[in-house]
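Colleague: Before we start, here is the structure in question, set down as C-alpha cells.
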Amino acid sequence: MAQTKKPIKTKELITQRKIDEVLENPPRELTGDLATDLALVEKLFHHSADIVIREFALGTEERIEVGLIYADALANKRVIDQDIMQGLMHRAGLVKVGQPLTRSNAFQYIEEYLLTIGEIKVTNQVDKILGSILSGDTALFIDGSPKAYLTNTRGWSMRTPTEPNVEAVIRGPREGFTETLIVNLGLVRRRLKDPDLKVEMFEIGKRTKTSISLLYIVDIINPKIVEELRRRLEDISIDGIVDSGYVEQLIQDSTASPFPQIHSTERPDKVVANLLEGRAAIIVDGSPFALIAPSVWAQFFHSPEDYYERSHIGTFVRLIRLLSMFFSLTLPALYIAFTSFHPDMLPIPLALAIAGARSGVPFSPFLETLIMEIMVEILREASVRLPGPIGQTIGIIGGL
Numbered sequence: 000m001a002q003t004k005k006p007i008k009t010k011e012l013i014t015q016r017k018i019d020e021v022l023e024n025p026p027r028e029l030t031g032d033l034a035t036d037l038a039l040v041e042k043l044f045h046h047s048a049d050i051v052i053r054e055f056a057l058g059t060e061e062r063i064e065v066g067l068i069y070a071d072a073l074a075n076k077r078v079i080d081q082d083i084m085q086g087l088m089h090r091a092g093l094v095k096v097g098q099p100l101t102r103s104n105a106f107q108y109i110e111e112y113l114l115t116i117g118e119i120k121v122t123n124q125v126d127k128i129l130g131s132i133l134s135g136d137t138a139l140f141i142d143g144s145p146k147a148y149l150t151n152t153r154g155w156s157m158r159t160p161t162e163p164n165v166e167a168v169i170r171g172p173r174e175g176f177t178e179t180l181i182v183n184l185g186l187v188r189r190r191l192k193d194p195d196l197k198v199e200m201f202e203i204g205k206r207t208k209t210s211i212s213l214l215y216i217v218d219i220i221n222p223k224i225v226e227e228l229r230r231r232l233e234d235i236s237i238d239g240i241v242d243s244g245y246v247e248q249l250i251q252d253s254t255a256s257p258f259p260q261i262h263s264t265e266r267p268d269k270v271v272a273n274l275l276e277g278r279a280a281i282i283v284d285g286s287p288f289a290l291i292a293p294s295v296w297a298q299f300f301h302s303p304e305d306y307y308e309r310s311h312i313g314t315f316v317r318l319i320r321l322l323s324m325f326f327s328l329t330l331p332a333l334y335i336a337f338t339s340f341h342p343d344m345l346p347i348p349l350a351l352a353i354a355g356a357r358s359g360v361p362f363s364p365f366l367e368t369l370i371m372e373i374m375v376e377i378l379r380e381a382s383v384r385l386p387g388p389i390g391q392t393i394g395i396i397g398g399l
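When we follow numbering that gives the first Met the number 0, the leftmost residue of the sequence shown carries the number 0, and every step to the right adds one.
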C-alpha cells in the first residue's frame with residue numbers, strides 16, 4: 000500500500016522560509032521568533048552534539064513556547080531540571096498574582112515569579128549568548144521576546160584545593176590554587192575579608208575567551224600600577240590564553256630578558272601577603288599559577304615560610320639562599336680559572352689533588368665543566384618529565 004505524504008502546512012512553510020533567510024546572514028541580535036533564534040544559535044554552534052536544545056510550552060490561559068540551550072558538559076543538569084524546568088512547568092499554574100501569565104507579559108512574569116536562580120542576566124546580543132553557554136550558563140528563550148535570560152548553571156568538574164607541589168612548606172597553609180577561577184577567588188577572599196579588595200574581570204582571547212581577574216586593595220596600591228596593568232591586559236590581542244604564562248610574557252617589560260619580571264605562585268597566602276604590600280595579582284581561569292606584579296629581583300628569594308618563623312631564622316635562611324646562588328654562579332668559573340690559568344694561586348696540596356683527579360680526563364677544564372652542567376640539566380629535565388618511578392631512578396643513577 001503506497002504511503003501518502005503528509006501535506007506541509009502553509010504556516011510551517013512560511014516559518015521555514017523565514018528561518019532560512021535569517022540563517023543566510025546571521026544577525027547580531029535576537030529576532031524574537033523562538034524557532035528562528037534556536038535555529039540561529041544551533042547553526043552558529045555548527046550543530047555540535049554536546050549543545051542541548053530543549054523546547055517546551057507553559058501557560059494555563061495562553062500557550063507560550065519556551066526554549067533552553069546549554070552545553071551538556073559544562074552545565075549542572077540538576078539545577079536546570081529543578082530550578083528552571085520545574086519552576087517554569089509546574090509553578091506557572093500554581094503562582095497566583097494580580098495578572099495571569101500571557102504572551103505579552105511572559106518575559107517579565109517569568110523573571111519575577113517563576114525563576115528561582117539567584118544570578119540572571121538579560122541580553123539580546125547573540126555573541127554574549129554564545130559566550131555564556133560556553134561558560135556553563137543556560138540560555139532561556141521565550142517566543143515573542145527579542146531577549147534571552149542567561150542563568151548561572153555552571154557545574155563542570157573541578158579539582159579540590161591541594162598542597163602545592165612546587166612551593167611546599169613545613170609550616171604554613173596547605174591549600175593551593177586550582178584551575179577554576181571562581182575557586183581561586185574564593186581562596187583569596189576567605190583570607191582577605193576586606194571590602195577594599197577589588198576584583199576586575201577581563202575576557203581575553205578571540206577564540207578561548209578566557210576569564211582573567213585583576214586583584215588589588217584600593218587604598219593600598221599605587222593607582223598608576225593598576226592603570227598600567229589594566230592597559231596592558233586590554234592591549235592583549237591573541238587567539239587564546241591557555242595558561243597564566245601566556246599573560247606573563249605578553250605584559251612584561253622586556254621579552255629578551257633572561258630574568259623573570261613577574262612573580263608566579265600557587266599559594267593563596269602568598270598572594271594575600273603581596274596584596275597587603277601594595278602589589279596586584281592576576282588570576283587566569285584554567286591555570287593554578289597566579290601572577291604578582293610588580294616584582295623585584297630580591298622577591299624571588301623569599302618564601303612564605305620566612306614570615307611564619309622567627310625573624311632571625313627567616314633572615315638566616317634567606318642568606319643561605321643568596322650564598323647558594325653566589326656559589327652556583329661563581330664556583331664553576333673559579334674552577335676553570337684556577338685550574339687552567341692561575342694554578343699557582345691554589346695551595347700546593349689542593350693543586351696536586353686536582354691534578355691527580357684530572358689525570359685520566361681527556362677534556363680541558365672548560366669542556367669538562369660545560370659537559371657537567373649540561374648533564375645536570377639533562378638529568379633534571381628527565382627526572383621531571385618522565386613518569387614518577389622512572390624519573391626517580393634516573394635521578395639516582397645520574398647522581399652516582
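Glycine residues also receive a C-beta, built at the ideal position from the N, C-alpha and C atoms.
All figures in this text were calculated on a predicted structure; none of them were measured in a lab.
#1: Based on the DSSP secondary-structure assignment, which residues constitute the bridge partners of G66?
#2: My understanding is that T179 touches M200, with C-beta atoms under 8 Å, so please give their C-beta distance in whole angstroms.
#3: Please report the residue range of the alpha helix (DSSP H) in which L129 lies.
#4: Whole-angstrom Cβ separation of G171 and P160, contact assumed at under 8 Å?
#5: Would you mind stating whether L228 and A280 have Cβ atoms separated by less than 7 Å?
#6: Could you check whether P267 and V165 sit closer than 7 Å to each other, using their CB atoms as the reference points?
#7: Enumerated in chain order, which unbroken segments of the alpha helix (DSSP H) with a length of 4 residues or greater are wholly contained in the region 246-276?
#8: Per DSSP, what are the beta-bridge partners of A280 in this structure?
#9: Where R173 and K208 are concerned, what is the direct C-alpha to C-alpha distance, given to the nearest angstrom?
#10: Run through DSSP, which three-state label would V225 get?
#11: Between the Cα of D126 and the Cα atoms of E20, L43, I291 and S323, which residue gives the shortest distance?
#12: Which of the three DSSP states is assigned to A72 in this structure?
#13: At a Cβ threshold of 7 Å, is A354 touching chain C?
#14: Please work out which residues of its chain come closer than 8 Å, Cβ to Cβ, to F362, disregarding the five sequence neighbours upstream and downstream, and give them in chain order.
#15: Under the assumption that I116 contacts D71 (Cβ atoms under 8 Å), give the Cβ distance between them as a whole number of angstroms.
#16: Work out the CA separation of L39 and I141 for me, nearest whole Å.
#17: DSSP three-state label for R206, please.
#18: For P145, which residues of its own chain have a beta-carbon under 6 Å away from its beta-carbon, when the five flanking residues on both sides are left out?
#19: Sort out for me which residues DSSP pairs R153 with in a bridge.
#20: If you follow the beta strand (DSSP E) that V121 is in, where does it begin and where does it stop?
#21: Return the Cβ separation of T150 and L133 in integer angstroms, given the expectation that the two are a contact with Cβ distance under 8 Å.
#22: How should Y306 be labelled, buried or exposed, when 16 other C-beta atoms within 10 angstroms of its C-beta is the threshold for buried?
#23: Our contact map puts S263 next to E247 with C-beta atoms below 8 Å; I'd like the distance itself, whole angstroms only.
#24: Could you compute how far the alpha carbon of V168 sits from the alpha carbon of S210?
#25: Candidates E308, T152, E304 and E276: which alpha carbon is nearest I224's?
#26: How many angstroms separate the CA atom of V65 from the CA atom of P99?
#27: Just tell me which of T338, T254 and I128 has its CA closest to the CA of E367.
#28: Determine whether the beta carbon atoms of R443 and G185 lie at a separation below 7 Å.
#29: Following the continuous alpha helix (DSSP H) through L318, name the residue where it begins and the one where it ends.
#30: Specify the secondary structure class of I7 as computed by DSSP and reduced to three states.
#31: Could you tell me the boundaries of the alpha helix (DSSP H) in which L37 lies?
#32: For R153, does the count of other Cβ atoms within 10 angstroms reach 16, so buried, or fall short, so exposed?
#33: Can you give me the Cβ contacts of N273 inside the same chain, cut-off strictly under 6 Å, excluding the 5 residues immediately before and after it?
#34: Where do the ends of the alpha helix (DSSP H) carrying Q107 lie?
#35: Roughly how many whole angstroms lie between the Cα atoms of D284 and R379?
#36: For L196, list the residues DSSP reports as bridge partners.
Modeller: Quick answer:
#1: Counting from 1 along the sequence shown, the entry for residue 66 is found at position 67. DSSP lists E54 and F140 as partners of G66.
#2: For the purposes of this step, residue 179 is taken as residue 180 along the sequence shown, with counting starting at 1. For the purposes of this step, residue 200 is taken as residue 201 along the sequence shown, with counting starting at 1. Going by Cβ atoms, the distance from T179 to M200 rounds to 15 Å, so no, they are not a contact pair.
#3: The residue labelled residue 129 in the question sits at position 130 within the sequence shown. It spans V125 to L133 - the alpha helix (DSSP H) in which L129 sits, taken as one unbroken run.
#4: Along the sequence shown, one-based indexing puts residue 171 at 172. Along the sequence shown, one-based indexing puts residue 160 at 161. Between G171 and P160 a beta carbon distance of about 14 Å is seen, past the 8 Å cut, so the two are scored as non-contacting.
#5: Working through the sequence shown from its first residue, we reach residue 228 at position 229. Working through the sequence shown from its first residue, we reach residue 280 at position 281. Going by C-beta atoms, L228 is not nearer than 7 Å to A280.
#6: Translated into the one-based positions of the sequence shown, residue 165 becomes position 166. Translated into the one-based positions of the sequence shown, residue 267 becomes position 268. Against a cut-off of 7 Å, the Cβ pair of P267 and V165 comes out as no contact.
#7: The qualifying runs are 267-275.
#8: For the purposes of this step, residue 280 is identified with residue 281 of the sequence shown, where counting begins at 1. Listed as beta-bridge partners of A280 by DSSP are L214 and I291.
#9: The residue you call residue 173 lines up with position 174 of the sequence shown. The residue you call residue 208 lines up with position 209 of the sequence shown. Whole-angstrom Cα-Cα distance: 31 Å.
#10: Position 226 of the sequence shown, counted from the start, is the residue given in the question as residue 225. In the three-state DSSP reduction, V225 falls in the helix class (H, G or I).
#11: Counting from 1 along the sequence shown, the entry for residue 126 is found at position 127. It is L43.
#12: Translated into positions along the sequence shown, residue 72 becomes position 73. In the structure shown, A72 sits in coil (DSSP, three-state: anything other than H, G, I, E or B).
#13: No chain C appears in this structure, which consists of one protein chain only.
#14: Here residue 362 is taken as the residue at index 363 of the sequence shown, counted from 1. The beta carbon of F362 is closer than 8 Å to those of I370 in its chain, skipping five residues each way along the sequence.
#15: On the sequence shown, position 117 is the one that residue 116 refers to. On the sequence shown, position 72 is the one that residue 71 refers to. Contact flag wrong, Cβ pair sits at about 19 Å.
#16: As a working mapping, residue 141 is identified with position 142 in the sequence shown. As a working mapping, residue 39 is identified with position 40 in the sequence shown. If you take the alpha carbons of I141 and L39, they lie about 14 Å apart.
#17: Sequence index remark: in the sequence shown, residue 206 carries index 207 (1-based). Looking at R206 - three-state DSSP - the assignment turns out to be coil, as it is neither helix nor strand.
#18: For the purposes of this step, residue 145 is taken as the residue at position 146 of the sequence shown. Excluding residues within five positions, the ones whose Cβ falls inside 6 Å are L29, G31 and N123.
#19: By one-based count along the sequence shown, residue 153 stands at place 154. In the DSSP output, where bridge partners are listed per residue, R153 has A74.
#20: Within the sequence shown, numbered from 1, the residue matching residue 121 stands at position 122. Counting along the chain, the beta strand (DSSP E) containing V121 begins and ends at I119 to T122.
#21: Residue 150 sits at position 151 when you count from the first residue of the sequence shown. Residue 133 sits at position 134 when you count from the first residue of the sequence shown. Taking the Cβ atoms as the reference, T150 lies roughly 15 Å from L133, outside the contact range of under 8 Å.
#22: Within the sequence shown, residue 306 is the residue found at index 307, counting from 1. With fewer than 16 Cβ atoms within 10 Å of its Cβ, Y306 is classed as exposed.
#23: The count along the sequence shown starts at 1 and reaches residue 263 at position 264. The count along the sequence shown starts at 1 and reaches residue 247 at position 248. With a contact defined as Cβ atoms closer than 8 Å, S263 and E247 qualify at about 7 Å.
#24: Sequence index remark: in the sequence shown, residue 168 carries index 169 (1-based). Sequence index remark: in the sequence shown, residue 210 carries index 211 (1-based). Computed Cα separation, rounded: 30 Å.
#25: Stepping through the sequence shown from its first residue, residue 224 is reached at position 225. Shortest Cα-Cα distance from I224 to any of E308, T152, E304 and E276 involves E276.
#26: Start at 1 with the first residue of the sequence shown, and residue 65 comes out as number 66. Start at 1 with the first residue of the sequence shown, and residue 99 comes out as number 100. Spanning the two alpha carbons is a distance of roughly 17 Å.
#27: Taking the first residue of the sequence shown as position 1, residue 367 is located at position 368. Comparing Cα positions, the closest option is T338.
#28: The chain is shown from 0 up to 399; residue 443 falls before or after that span and cannot be answered.
#29: Counting from 1 along the sequence shown, the entry for residue 318 is found at position 319. Segment S310 to I335, the alpha helix (DSSP H) holding L318.
#30: Mapped onto the sequence shown, residue 7 falls at position 8. With a pLDDT of 45 at I7, under the threshold of 50, the modelled position of this residue cannot be trusted; read the value that follows with caution. Of the three classes helix, strand and coil, the one that applies to I7 here is coil, per DSSP.
#31: As a first step, residue 37 is located in the sequence shown; it is residue number 38 there, counting from the start. Residues L33 to L43.
#32: For the purposes of this step, residue 153 is taken as the residue at position 154 of the sequence shown. Here R153 is buried. Its C-beta has 16 or more other C-beta atoms within 10 Å.
#33: Within the sequence shown, residue 273 is the residue found at index 274, counting from 1. Counting only Cβ-Cβ distances below 6 Å, and skipping sequence neighbours, we find I291.
#34: Position 108 of the sequence shown, counting from 1, holds the residue named residue 107. For Q107, the enclosing alpha helix (DSSP H) begins and ends at A105 to Y108.
#35: Position 285 of the sequence shown, counted from the start, is the residue given in the question as residue 284. Position 380 of the sequence shown, counted from the start, is the residue given in the question as residue 379. Here the alpha carbon of D284 sits roughly 29 Å from the alpha carbon of R379.
#36: Numbered from 1 along the sequence shown, position 197 holds the residue referred to as residue 196. I216.
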